[in-house]
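Everything on this sheet refers to the single structure shown next.
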Amino acid sequence: MQDTSIDTRRRKLNFRAWRRGFREMDLLMGSFADEYLEAYQAEELDEFEALLGVPDWEVYAWLIGQTPVPDNHRGPVLDQLIAFRYAAQGG
181 MQDTSIDTRR RKLNFRAWRR GFREMDLLMG SFADEYLEAY QAEELDEFEA
231 LLGVPDWEVY AWLIGQTPVP DNHRGPVLDQ LIAFRYAAQG G
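Residue numbers (the working numbering): 181 to 271.
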């Protein structure tokens, strides 16, 4: 039952990551989720879900280095997201 529950949570978070509100964040967060969520456990999923609750413009400003990340949002998942490099898919 635990695996099914966490898998369902991963799918829901992935869906939310791809539907952020503006295209740049859709591409960054969605691609990141595609690459990393499958390996995340509950603690990392909690951190990622908290990031999804932050307004797009705030997270985007952190990702592009426009504003510093507040201490209450710092963590390993955000560090991974900041280091993540989106690679455009051909098609």
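Note that beta-carbon positions come from the ideal geometry of N, C-alpha and C, so glycine has one too.
Under the assumption that residue i contacts residue j (Cβ atoms under 8 Å), give the Cβ distance between them as a whole number of angstroms.
i           : j           : result
residue 232 : residue 217 : Not quite, the Cβ-Cβ distance comes to about 11 Å (not below 8 Å), so this is no contact.
residue 236 : residue 195 : Not a contact, Cβ separation roughly 16 Å.
In terms of residues, what are the limits of the alpha helix (DSSP H) holding residue i?
i           : result
residue 244 : Careful: residue 244 lies outside any alpha helix (DSSP H) and carries neither H nor E.
residue 260 : 256-263
Do the CB positions of residue i and residue j come within less than 8 Å of each other?
i           : j           : result
residue 187 : residue 198 : no
residue 225 : residue 243 : no
residue 238 : residue 255 : no
Residue i by DSSP, collapsed to three states: which one?
i           : result
residue 210 : helix
residue 228 : helix
residue 202 : coil
residue 234 : coil
residue 273 : Any property of residue 273 remains undetermined from this structure, which presents the chain solely from 181 to 271.
Who are the Cβ neighbours of residue i in its own chain at under 7 Å, not counting the five residues just before and after it?
i           : result
residue 240 : 204, 205
Can you find the residues in the same chain that come closer than 6 Å, C-beta to C-beta, to residue i, ignoring five residues on each side of it along the sequence?
i           : result
residue 210 : 197, 198
Here's a check: name, in chain order, each residue in its chain whose Cβ is nearer than 8 Å to the Cβ of residue i, leaving out the five neighbours to either side.
i           : result
residue 253 : 230, 231, 234, 242
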